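Going letter by letter, the sequence shown gives residues 574 to 958 in this note's numbering.
Glycine residues also receive a C-beta, built at the ideal position from the N, C-alpha and C atoms.
In this text the structure is predicted, and so the values were computed from the model without any measurement.
In what follows, a structure is listed as structure tokens, so that the remarks can point back to it.
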Amino acid sequence: MIEILSQEFRNRFREKDPQFFFCPGRVNLIGEHIDYNGGQVMPCAISKGTYLAISKNTDKEIRLSSLEFPEMAELQIQSSYSKAGKQWFNYPLGIIDHLLKSGYDISGMDLLFTGDLPVGAGLSSSASIEVLTIFALNELFSYGISKTDMALASKKVENDFIGVSCGIMDQFAVAMGKLGNAVLLDCDSMKYEYIPFKTKEYLLVVINTNKQRTLSDSKYNERFAECGAALRLLKEKLAVEKLCDISSQVFEENKDLIEDEILVKRAGHVISENERVLKASEVLKTGDLNAFGKLMFESHRSLKDLYEVSGRELDTIVEFAGNYEDCIGARMTGAGFGGCAIALVKKDAVTDFIEKLRIFYKTRIGYEPSAFISGAEDGVRMLRS
Ligand code: GLA
């Protein structure tokens, strides 16, 4: 990857010595749709991600280009920028805009991106390119920004510049990932802890539904609003700030405050999922992978029945996984409505699992899923300079 990037950088910019950086994507092991409800999530960074070759130039221009997309941005240095339609370079552009508005100096530079993360598959390709850009600029211009602040800045860009009301999970996971560990993040206090993710004789398989996601942003924003509405009703009696401040028991005793059955289901998912994350971190600490797998299946059921963000494709994968003897846990991961599922499968059964799943899925859905294996990996980093 670096060789191709290096060669193409030279062709495009006539510069010989760029610096190279990498930022992974992520899967969420458990804790779905609760980051924006002040809950705890447990993602890990994965092996696939986004690569960047970058170098300062002397022509006072910022050039953003990619090996995957033909469109390139050539910008004079300004004090701010605005979003350019649906262009891929809005992500690095948003980061540059944020840095300038926060008072950081930027000079002319050339950036060339590439990557092996499927775009729009729920593996956080956007968080990956955002965090990658701010991390590289931080190195290039020695700003001294911490990784946590890089994640927060990237989330702000996603919310305000790109216009997606996501939580902090994705940006934090790709910034802070650690080899062999899941990141247990309290999205309210931003306190985090690394939880060893030892899969022993199992492997983590990431399965892409390959479904075209169309309405996912609007459905995501709809769930976000439903959680806000449920919280407002519960707050009439309960002194809480976030849905995840409420325990299942208190919720059961007070759910009559919400008349709308749909809102009861949404809040029910959020509150139970938050508790599942805590259980999951406990069982992982004791090395009980089977118990962790059961929590994955439970999480999926809740996302399917209560939060209703799964769909035929993801359900087909999890149904297959549930009936496959050597798979001890599976669930959708990320926002849902397509995207990816994850499964814990015995090492020596992985090839068979993927092949049989391919046939099962194709028969039911009409096209094939794709799959790869990933460990829990390190977060954003410099590759070489
Ligand atoms: C997307 C968002 C995250 C999170 C997940 C669902 O990935 O970007 O902030 O809300 O969906 O858990």
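According to DSSP, what are the bridge partners of residue i?
i: I905; result: Just to set this straight, residue 905 is Met in the shown sequence, not Ile. DSSP output for M905 lists A914 as bridge partner(s).
i: N732; result: Answer by DSSP bridge pairing: none, since N732 is not bridged.
i: K751; result: N754
i: K764; result: None; K764 has no bridge partner.
i: Y614; result: Note that residue 614 is Val in the sequence shown, not Tyr. The partner list for V614 (beta bridge, DSSP) reads L758.
i: Q649; result: E634
i: A626; result: F593, L685
i: E950; result: A618
i: P769; result: N754
i: K919; result: Y775
i: C900; result: V918
Would you mind stating whether residue i and residue j have Cβ atoms separated by less than 8 Å?
i: Y684; j: L625; result: The sequence shown places Leu at residue 684, rather than the Tyr named in the question. In this structure, L625 lies closer than 8 Å to L684 by Cβ.
i: Y765; j: M742; result: no
i: S845; j: M615; result: no
i: I835; j: A944; result: no
i: L879; j: K838; result: yes
i: L637; j: F662; result: yes
i: K792; j: V882; result: yes
i: A840; j: F865; result: no
i: I627; j: A709; result: yes
i: V730; j: C800; result: no
i: F595; j: R957; result: no
i: L887; j: G902; result: no
i: K751; j: M682; result: no
i: L690; j: K621; result: yes
i: T721; j: G911; result: no
i: I890; j: Y934; result: yes
i: E605; j: L862; result: no
i: Y677; j: F714; result: yes
i: L776; j: K656; result: no
i: M763; j: T687; result: no
i: D608; j: G736; result: no
i: E644; j: Q660; result: yes
i: P942; j: R954; result: no
What are the boundary residues of the alpha helix (DSSP H) that residue i is part of?
i: Q822; result: 821-827
i: V601; result: The sequence shown places Asn at residue 601, rather than the Val named in the question. It is not in any alpha helix (DSSP H) - N601 instead sits in the beta strand (DSSP E) that spans 592-603.
i: L868; result: 862-878
i: L816; result: From DSSP, L816 is part of no alpha helix (DSSP H); its letter is neither H nor E.
i: N781; result: Where N781 is concerned, there is no enclosing alpha helix (DSSP H), although the beta strand (DSSP E) it sits in stretches over 775-781.
i: F642; result: Per DSSP, F642 belongs to no alpha helix (DSSP H) and is neither H nor E.
i: G841; result: 834-858
i: K674; result: 663-674
i: V882; result: Note, V882: premise wrong, no alpha helix (DSSP H); not H, not E.
i: A709; result: 698-714
i: L578; result: 575-586
Return the Cβ separation of residue i and residue j in integer angstroms, given the expectation that the two are a contact with Cβ distance under 8 Å.
i: I679; j: T706; result: Incorrect: roughly 11 Å between the Cβ atoms, too far for contact.
i: C760; j: G612; result: 6 Å
i: T924; j: I915; result: So it is not a contact: roughly 17 Å between Cβ atoms.
i: C913; j: V600; result: 7 Å
i: T623; j: I702; result: 5 Å
i: I650; j: V778; result: Not confirmed; about 45 Å, so no contact.
i: K674; j: S699; result: Their Cβ separation, rounded to whole angstroms, is 20 Å, which puts K674 and S699 out of contact at 8 Å.
i: A646; j: L666; result: 7 Å
i: R885; j: I927; result: About 20 Å separates the two Cβ atoms, so there is no contact after all.
i: A755; j: A949; result: 6 Å
i: A803; j: L816; result: 7 Å
i: S727; j: V704; result: 5 Å
i: D951; j: A724; result: Wrong, their Cβ atoms sit about 15 Å apart, outside the cutoff.
i: F734; j: D670; result: 6 Å
Confirm the yes/no value for this check: CB of residue i, any heavy atom of the ligand NAP, distance under 7 Å.
i: M723; result: Here the bound small molecules are the ligand GLA; the ligand NAP is not part of this structure.
Hey, quick one: how far does the beta strand (DSSP E) through residue i stretch, first residue to last?
i: L685; result: 682-688
i: A944; result: 943-946
i: R954; result: 954-957
At a cut of 8 Å, does the segment 848-855 reach the segment 868-878 through at least three beta carbon pairs?
Contact annotation: the segment 848-855 touches the segment 868-878, with at least three C-beta pairs closer than 8 Å.
Would you be able to state if there are at least three C-beta pairs under 8 Å between the segment 762-773 and the segment 807-824?
Contact fails: fewer than three Cβ-Cβ distances are below 8 Å.
Do three or more CB pairs link the segment 578-595 to the segment 823-838 at distances below 8 Å?
When Cβ pairs closer than 8 Å are counted between the two stretches, the segment 578-595 is seen not to touch the segment 823-838, the count staying below three.
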